[in-house]
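Sequence order for the protein chains is A and B. Here the working numbering is used: the first residue of the first sequence is 1, the next is one more, and so on. Here the working numbering is used: the first residue of the second sequence is 1001, the next is one more, and so on. By construction, the Cβ of each residue, glycine as well, lies at the ideal position given by its N, Cα and C atoms. Structure first, commentary second.
2 protein chains.
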Amino acid sequence: MARTAGSSGEKTLAAIREAGLDLIHAHGYEAMSLRQLAARIGLQPGSLYNHIETKQDLLFDLIHNHMVTLLASLEEALGGIDDPLEALKAFIAFHLTYHIERKREVFIGSSELRSLAPKSRRKIVALRRTYEDRLCAILKQGTARGLFKIEDVRVSAYAILAMLTGICTWYDAKGRIGRKKLIDIHTRLVLQGVMK
Amino acid sequence: MARTAGSSGEKTLAAIREAGLDLIHAHGYEAMSLRQLAARIGLQPGSLYNHIETKQDLLFDLIHNHMVTLLASLEEALGGIDDPLEALKAFIAFHLTYHIERKREVFIGSSELRSLAPKSRRKIVALRRTYEDRLCAILKQGTARGLFKIEDVRVSAYAILAMLTGICTWYDAKGRIGRKKLIDIHTRLVLQGVMK
DNA sequence: TATAAAAACGATCATACGTTCGTATCTTGA
DNA sequence: TCAAGATACGAACGTATGATCGTTTTTATA
Chain A
1 MARTAGSSGE KTLAAIREAG LDLIHAHGYE AMSLRQLAAR IGLQPGSLYN HIETKQDLLF
61 DLIHNHMVTL LASLEEALGG IDDPLEALKA FIAFHLTYHI ERKREVFIGS SELRSLAPKS
121 RRKIVALRRT YEDRLCAILK QGTARGLFKI EDVRVSAYAI LAMLTGICTW YDAKGRIGRK
181 KLIDIHTRLV LQGVMK
Chain B
1001 MARTAGSSGE KTLAAIREAG LDLIHAHGYE AMSLRQLAAR IGLQPGSLYN HIETKQDLLF
1061 DLIHNHMVTL LASLEEALGG IDDPLEALKA FIAFHLTYHI ERKREVFIGS SELRSLAPKS
1121 RRKIVALRRT YEDRLCAILK QGTARGLFKI EDVRVSAYAI LAMLTGICTW YDAKGRIGRK
1181 KLIDIHTRLV LQGVMK
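See the structure below:
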């Protein structure tokens, strides 16, 4: 036996990515074996290497892909908004929505950074920095226009990001709290916190 | 050769704990090998088993110890305070201070929960719940007395906890921001956020 | 001072890991 | 239609891992 009927490189790679997200999220990068991953999608371990360079490479691919998509989506969500207050509201709603929908990616993107080689890690951290800077810019502008009162923009931005990202660890889409209510609660907490 | 001169069970166990904290924090539980750990404290791998049951057991011991200490320290910090506003301030200051000082423990206590056996994990989660409940109680009392305006106490508690715990990922005690300023910024953000 | 317990060594076990490789089969484009 | 490339198999490699065990030396107790 060899090549399976109906096999296609694109579909297999997509399956590898999906299973990789699932397994790394559930057990961690180090704890996930390529044998596990291969079995999940009905492949022999060696066959994975037709689609990925190394295990490390797969991890970087997943995280990098997540960051790039995150940045692009943010720009789309904020596009055209000038008012800092509206921009902050939009940022909060976007961040929450996106992070609810991609809990796995977000979790991996932060908790498995240490498993990356230094060079790869630096690339990801740079992208994350760009994302943080976008929130900083909003806060700065709002302060300049006399809307917000913020002692330290970067520290506040980190605090807000931590708060918003925290939902990934507990939010259950099927639970007691609806998405709209979740956004409302966080919006009020943040806005009232930074308002003059 | 066999038992080393001056060796003592207590000291060795303490060294294992300390090195374990360091290595798990740096590389993750799965990625830390017992050979690494043993080498760090000048021991043969097999000798570790004079002091620990299993690798899993060491992890649970570290996390459990952290949670118990955290809870006890919190009660000490809040002891005697009745006013909800003062209690919230004290909670924020305590949480930040404690988490700055024990970044390793906190990180391990959250990111390595998944490496625990279900039974052990449940024990830790229960302790964490107790901690969260303490903050919930403060928020509830403050709302009852007409000080705070909070739509959902539990969600708000999670949001606040996430914000405060976030510092573990970026705060550098030797950096630009002093501890007092850090506490001030977060206190204002949270208080103004929940105030009526 | 005699003796049991504690603590470390060093060798070893079975297993699991990431990765490579030769080979076989399927798909696709000329 | 047929050759070239893509995809998968299955066996294998070297290495590392968590854990066990018999033995030896030190410490502490009585």
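Rounded C-alpha distance that separates B:I1185 from A:D152
Whole-angstrom Cα-Cα distance: 8 Å.
Residues bridged to A:F91 by DSSP?
A:F91 has no beta-bridge partner at all, per DSSP.
Any Cβ of chain B within less than 9 Å of the Cβ of A:I183?
Not an interface residue.
Below 7 Å CB to CB, which residues in the same chain sit around B:I1041 once its five sequence neighbours on both sides are set aside?
The residues are A1015, I1016, A1019.
Out of A:D83, A:I138, A:M67, state which residue places its alpha-carbon closest to the alpha-carbon of A:V106.
Between A:V106 and the set A:D83, A:I138, A:M67, the nearest pair of CA atoms involves A:M67.
Continuous alpha helix (DSSP H) stretch holding B:N1065: start and end
For B:N1065, the enclosing alpha helix (DSSP H) stretches over residues 1055–1078.
Cβ-heavy atom distance, A:K11 to the ligand ZN, below 8 Å
In terms of ligand content, the structure shown is empty, and the ligand ZN therefore cannot be addressed.
What's the gap between the Cα of A:I81 and the Cα of A:Q141?
Looking at the two C-alpha atoms, the distance is approximately 12 Å.
Would you check if the distance between the CB atom of A:I24 and the CB atom of A:R104 is smaller than 9 Å?
One thing to note: A:I24 has its Cβ within 9 Å of the Cβ of A:R104.
If you run the structure through DSSP and keep just helix, strand and coil, what is B:M1195?
Looking at B:M1195 - three-state DSSP - the assignment turns out to be strand.
Interface positions of the region 131–163 of chain A facing chain B (Cβ-Cβ less than 8 Å), listed along the chain:
From the region 131–163 of chain A, only E151, D152, V155, S156, Y158, A159, I160, L161, A162, M163 have a Cβ closer than 8 Å to chain B.
Whether or not the region 56–74 of chain A and the region 109–123 of chain A are in contact is what I'm after, with contact meaning three or more pairs of Cβ atoms, one per stretch, closer than 8 Å; do they touch?
Output reads yes: the region 56–74 of chain A touches the region 109–123 of chain A.
Output the residue ranges of the beta strand (DSSP E) runs that lie fully inside the region 142–178 of chain A and measure 3 residues or longer, sorted by chain position.
The beta strand (DSSP E) runs of length 3 or more contained entirely in the region 142–178 of chain A do not exist; there are none.
When we look at the beta-carbon of A:P84 and count the other beta-carbons within 10 Å, is it buried (16 or more) or exposed?
Classified as buried, A:P84 has 16 or more neighbouring CB atoms from the shown chains inside 10 Å of its CB.
At least one CB of chain A closer than 9 Å to the CB of B:L1189: is that the case?
Taking 9 Å as the CB threshold, B:L1189 lines the interface with chain A.
Distance cutoff 9 Å, beta carbons only. Does B:H1064 sit that close to anything in chain A?
So, not an interface residue.
Residues of its chain near B:L1088, where Cβ-Cβ distance is below 6 Å and the 5 sequence neighbours each way are ignored:
If we look at B:L1088 and ignore the five residues flanking it on each side, its Cβ neighbours are I1138.
Taking the Cβ atom as the reference point for each residue, do B:M1195 and B:K1149 lie within a distance shorter than 9 Å?
Yes, the pair counts as a contact, with Cβ atoms nearer than the cut-off.
Taking Cβ positions only, does A:H186 come closer than 9 Å to chain B?
By this cut-off, A:H186 is an interface position.
Contact between the region 174–182 of chain A and the region 1163–1176 of chain B is defined here as three or more beta-carbon pairs at a separation below 8 Å; is this criterion met?
Contact between the region 174–182 of chain A and the region 1163–1176 of chain B is absent, with fewer than three C-beta pairs closer than 8 Å.
Quick one: residues in its chain with C-beta nearer than 8 Å to the C-beta of B:M1001, no 5 flanking neighbours on either side, listed in chain order?
At B:M1001 the pLDDT is 48, less than 50, meaning the model places this residue with poor confidence; the figure from the coordinates comes in the next sentence. Cβ within range, chain order: n/a, list empty.
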